[in-house]
Each structure stands twice: as structure tokens, then as C-alpha cells.
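Adding 1 to a residue's 1-based position in the sequence shown gives its number in our numbering.
Ideal placement from N, C-alpha and C gives every residue a C-beta, glycine not left out.
To start, the structure itself, in C-alpha cells.
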Amino acid sequence: NTHRGILSRTMCSGQSECWISSYVLRQSCTESAASGVDCSKVQCLGRLGREFVESFLCRIVTLDPVMATFEDLNLIPSLQKAIVEEGYETPTPIQELTIPPALEGLDIRGCAQTGTGKTAAFALPILNHLASNNFKTVARRPLVLIIAPTRELAVQIGDSFANYGRHVEISHVLVYGGVSQEPQVKALEAGVHVLIATPGRLLDLMEQEFIFLNRLQVLVLDEADRMLDMGFQPELKRIIK
Ligand code: AMP
């Protein structure tokens, strides 16, 4: 399929692939010039902090965009339709590179500048997965959790899910601080596929047992570096634990 095509082409053109645990981050970065690993990506992962990623094993694959089309990405027709309606003609590089491996269920860390289509890069494969498997909602137990640093970003992500998901029956709920929790709790009670949350309110509602993560299949940390810069590391660690 397209993804394997991209991967094998990438390998053949001398790009590198490696598995990096938190313990070897520093070493990998030093060796990156020799090994061909993209050092900026390794450094970006390093910023998460050794403790934070201690239990994770991160796969770093350096890929080149090959100018795929949205048809190449094998998204379900109802998502393709929404993409056409949005007026998108071709996937951006971050979308082309992340959507195929995300559809295969691989863990991904994508780095790309603001405004380059990262939201669709994770929203489309998530919607594709949920809609094509026809998962049912359960009160208080989301299948997907997206954590974002600010209320504004959470709202934008919610809008993207509404836009891209307009032809599929996938629900999303927003949870953020600074407003009453009652409507958010009510929405969670009604059942939720995708929960989009800021760390503080999320933790608060988890501690009150309005949110349980035991059905979770997909976790997205949007603008993870910014969340860590903002000092959310303790909250993120507690949520992920
Ligand atoms: P984001 O980086 O996710 O905030 O997206 C930035 C802007 O790019 C948003 O206005 C999106 O609607 C738009 N966008 C995302 N993907 C594409 C695409 N493949 N083609 C054209 N515009 C896009």
C-alpha cells in the first residue's frame, strides 16, 4: 500500500530508521550526524525529559514527502468527501507523512511548523479509525484523548473534528478550565468518542471520577513541547499514569 511504498522508498534512498529509548536520547543526538538521524527531531523528543518518556520507546523514522494525493492515503469516502468540501487539494507534508502510519496504528511524533496542517494530520486518522470500526460511545469513557495546552487550541481542535467529521457519526467533547464544569460533565455522561481537554480541568474531572481512561485507544499530546514549557509536566505524568 501507499504507506509501505513510502517507507521502502525512504529506506532505499538512504534515510535512517531507529528505535530510541529515553536512555539513549543524548547519545543518539550526538551520533546523529554519523547515523543520519534527524537531530532536530531527536532533540525535540529530548525536551520531553528523560523521566517523562522513561516508559516509552519512541520510533524515529525520517521520511521524505513524495507528493501523495488524498486518494493515496486510503481514507474512508465520508472523510474524503469532507476534505474535498474543505477545499483541500493535496495533503501537506506532515499529513502525507503521518496519516499512513497512524492508520496502521503506529506511535508517531510529528514536528512541523504552526499552520502546516497538523490538526488534520491526527484528526483524519482518528476519525477514520473510529468511523470504520463503528465503535460505540460509553458515558465518561472516551476512546480518544487529545490534550492541548490552551482552551483556544482545544476549541480549534474541536472545530476541526466537527469539520472533518461532518459525514461520520463521531462525537467529541471539550473539557477546559475557567468555565463551569456542569455542561462538560453532562456531555461526558451522554457518551464520548473523542475527548479534547486541557490538562488541569482534565485531571480535576478524572479525580472526581467523571472521566475514566480505561477504554482509551489513542492519546494525542498536541503542542507537547509548549505544554512542557508551560509547566504541565506533573499533570501530564499523572494523567498518563
Ligand atoms: P493547522 O496547522 O492544523 O492549524 O492548519 C492550518 C490551516 O491549514 C487550517 O486553516 C486548515 O484548514 C488548513 N489546512 C490543513 N490541511 C490542509 C490541506 N491539506 N490543504 C489546504 N489547507 C489545509
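(message) Does the beta-carbon of E90, which I'm using as the reference point, lie nearer than 8 Å to any heavy atom of the ligand AMP?
(response) Working through the sequence shown from its first residue, we reach residue 90 at position 89. Yes - the ligand AMP has a heavy atom lying nearer than 8 Å to the Cβ of E90.
(request) Note the first and the last residue of the continuous beta strand (DSSP E) segment covering A198. (result) Position 197 of the sequence shown, counting from 1, holds the residue named residue 198. Where A198 is concerned, the enclosing beta strand (DSSP E) stretches over 195–198.
(message) According to DSSP, is L98 part of a helix, a strand, or is it coil?
(response) What you label residue 98 is simply residue 97 of the sequence shown in a count that begins at 1. Three-state result, L98: helix.
(message) Taking 8 Å as the cut-off, is the beta-carbon of A121 closer than that to any non-hydrogen atom of the ligand COA?
(response) The ligand COA is absent from the structure shown, which contains only the ligand AMP.
(message) My assumption, with CB atoms under 8 Å, is that V274 sits in contact with H194. Please give the rounded CB distance.
(response) Within the shown structure, residues of the chain are numbered from 2 to 242, placing residue 274 beyond reach of any answer.
(request) Return the CA-CA distance between G200 and G159, expressed in angstroms with no decimal places. (result) Walking along the sequence shown from the start, residue 200 turns up at place 199. Walking along the sequence shown from the start, residue 159 turns up at place 158. Inspection of the sequence shows that residue 200 is occupied by Pro rather than by Gly. Those two C-alpha atoms are separated by around 16 Å.
(message) What would DSSP say about L217, mapped onto helix, strand or coil?
(response) Your numbering for residue 217 matches position 216 in the sequence shown. DSSP places L217 in coil when its eight states are reduced to three.
(request) State buried or exposed for N129, treating a residue as buried only when at least 16 other CB atoms are found within 10 Å of its CB. (result) Against the sequence shown, residue 129 aligns to sequence position 128. It is buried - the Cβ of N129 has at least 16 other Cβ atoms within 10 Å.
(request) Spatial neighbours of R239 within its chain, please: CB distance less than 8 Å, with the 5 preceding and 5 following residues excluded, ordered by chain position. (result) Counting from one through the sequence shown, the residue named residue 239 turns up at place 238. Cβ within range, chain order: L204.
(request) Could I get the ranges of all uninterrupted beta strand (DSSP E) runs contained in the stretch 96–182, with 3 residues as the minimum, in chain order? (result) 145–148, 173–176
(message) Output needed for A122: all residues of its chain with C-beta closer than 7 Å, excluding positions within five of it in sequence on either side, in chain order.
(response) Here residue 122 refers to the residue found at position 121 when the sequence shown is read from its first residue. The answer, listed in chain order, is I95, Q96, T99, I100, G111.
(request) Work out the CA separation of V176 and R152 for me, nearest whole Å. (result) Residue mapping note: residue 152 aligns to position 151 of the sequence shown, counting from 1. Residue mapping note: residue 176 aligns to position 175 of the sequence shown, counting from 1. About 8 Å.
(request) Count the other CB atoms, across all protein chains shown, that sit within 10 Å of the CB of M68; report buried if there are 16 or more and exposed otherwise. (result) For the purposes of this step, residue 68 is identified with residue 67 of the sequence shown, where counting begins at 1. That one is exposed.
(message) Which residues does DSSP list as the beta-bridge partners of L222?
(response) Within the sequence shown, numbered from 1, the residue matching residue 222 stands at position 221. Partner(s): I148.
(request) Look at the alpha carbon of V186 and the alpha carbon of P150, and state the distance between them as a whole number of angstroms. (result) Taking the first residue of the sequence shown as 1, we reach residue 186 at position 185. Taking the first residue of the sequence shown as 1, we reach residue 150 at position 149. Going from the Cα of V186 to the Cα of P150 covers about 20 Å.
(request) Grab the span of the alpha helix (DSSP H) containing P92 for me, first residue to last. (result) Here residue 92 refers to the residue found at position 91 when the sequence shown is read from its first residue. No alpha helix (DSSP H) holds P92; DSSP gives it neither H nor E.
(request) Grab the span of the alpha helix (DSSP H) containing I241 for me, first residue to last. (result) Taking the first residue of the sequence shown as position 1, residue 241 is located at position 240. I241 -> alpha helix (DSSP H) spans 234–241.
(request) Whole angstroms is fine: what's the gap from K82's alpha carbon to V139's? (result) Here residue 82 refers to the residue found at position 81 when the sequence shown is read from its first residue. Here residue 139 refers to the residue found at position 138 when the sequence shown is read from its first residue. So the alpha carbons of these two residues sit roughly 28 Å apart.
(request) Report all residues from its chain with a CB closer than 7 Å to the CB of I77; omit the five preceding and five following residues, and keep chain order. (result) Looking up residue 77 in the sequence shown gives position 76. Answer for I77: N129, A132, S133, listed in chain order.
(message) Suppose contacts are defined by Cβ-Cβ distances below 9 Å. Is A198 in contact with I241 by that definition?
(response) Here residue 198 refers to the residue found at position 197 when the sequence shown is read from its first residue. Here residue 241 refers to the residue found at position 240 when the sequence shown is read from its first residue. Their beta carbons are not under 9 Å apart, which means A198 does not touch I241 by this criterion.
(message) Beta-carbon within less than 6 Å of T93's beta-carbon, same chain only, minus the 5 sequence neighbours each way: which residues are those?
(response) Here residue 93 refers to the residue found at position 92 of the sequence shown. These residues qualify, in order along the chain: T117, G118.
(message) For the ligand AMP, I want to know if T99 counts as a neighbour, meaning its beta carbon is within less than 8 Å of at least one of the ligand's heavy atoms.
(response) Taking the first residue of the sequence shown as position 1, residue 99 is located at position 98. T99: no, Cβ never under 8 Å from the ligand AMP.
(message) For D223, count the other beta carbons within 10 Å of its own beta carbon; 16 or more makes it buried, fewer makes it exposed. Which is it?
(response) As a position in the sequence shown, residue 223 is number 222, starting the count at 1. Buried.
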